[in-house]
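Structure, as structure tokens:
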Amino acid sequence: MVLRCLPNTMKIKETWIKVVGVPIHLWTHQVFKEIGQLCGGWTATEEETELGNHMKWARILVANDGRSIPQEVSIAREGIRYHFPIWAESKVRCEMSPEKACCTTGEDSPLENLGQTLDKREKQSYVKSL
Numbered sequence: 062m063v064l065r066c067l068p069n070t071m072k073i074k075e076t077w078i079k080v081v082g083v084p085i086h087l088w089t090h091q092v093f094k095e096i097g098q099l100c101g102g103w104t105a106t107e108e109e110t111e112l113g114n115h116m117k118w119a120r121i122l123v124a125n126d127g128r129s130i131p132q133e134v135s136i137a138r139e140g141i142r143y144h145f146p147i148w149a150e151s152k153v154r155c156e157m158s159p160e161k162a163c164c165t166t167g168e169d170s171p172l173e174n175l176g177q178t179l180d181k182r183e184k185q186s187y188v189k190s191l
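The C-terminal residue of the sequence shown carries number 191 in the working numbering, and the numbering is unbroken.
Structure representation (structure tokens):
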């Protein structure tokens with residue numbers, strides 16, 4: 062059995078968000094940074110987003126544990142206020158009762174190494190600011 066959740070006690074520092082419906086004239090690094098700041102602090106913008114390889118959503122890494130990301134953010138440009146829905150790519154969290162936290166057969170806890178590694182694509186698919 063594979064457990065697909067993160068322990069609730071694990072500290073998460075960054076979360077990917079998707080910003081839906083960004084018009085082409087606002088598809089800029091500065092706008093992505095502004096949206097990221099409104100969601101806890103901009104960390105990076107995905108390379109695919111920066112290159113404009115897909116334009117359905119912008120993917121931004123923010124300094125937020127995923128629990129307090131707004132469902133919508135708004136920015137103003139040239140007298141027009143734009144409201145963008147935000148989709149947080151948060152991982153499922155779980156809590157285990159104390160008797161389930163350690164196996165009784167002498168094996169390590171099933172949560173011992175959970176969440177310690179990132180998918181290689183996630184590590185390589187964003188562009189950090191210089």
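For every residue, glycine included, the Cβ atom is placed at its ideal position computed from N, Cα and C.
Note that this is a predicted model, so its numbers are computed, not measured.
Reduced DSSP category for residue i - H, G, I as helix; E, B as strand; rest coil
| i | result |
| --- | --- |
| T106 | strand |
| K94 | helix |
| N174 | Because N174 carries a pLDDT of 48, less than 50, the predicted location of this residue cannot be relied on, and no value is offered for it. |
| V85 | A quick correction: the sequence has Ile, not Val, at residue 85. DSSP places I85 in helix when its eight states are reduced to three. |
| R182 | Here R182 scores only 43 on pLDDT, less than 50, and its place in the model is too uncertain to base an answer on. |
Neighbour-count burial assignment, residue i, 16 or more Cβ in a 10 Å radius
| i | result |
| --- | --- |
| K181 | Residue confidence for K181 is low, a pLDDT of 42 falling below 50, so the modelled location carries little weight and cannot support an answer. |
| T89 | exposed |
| V81 | exposed |
| N125 | buried |
| G113 | exposed |
| G101 | buried |
| I78 | buried |
| G127 | buried |
| V153 | exposed |
Residue j beta carbon less than 8 Å from that of residue i
| i | j | result |
| --- | --- | --- |
| L87 | P131 | no |
| T104 | A149 | no |
| I121 | I96 | yes |
| E133 | H115 | no |
| S135 | R142 | yes |
Minimum C-alpha distance to residue i - residue among the options
| i | options | result |
| --- | --- | --- |
| Q91 | T106, P146, K74, N125 | T106 |
| T110 | I141, I85, G101, V153 | I85 |
| W118 | K152, I147, S151 | I147 |
Curious, which full-length alpha helix (DSSP H) runs of at least 4 residues does the region 106 to 156 contain?
Taking only runs of at least 4 residues, the alpha helix (DSSP H) segments lying wholly in the region 106 to 156 are 108 to 112.
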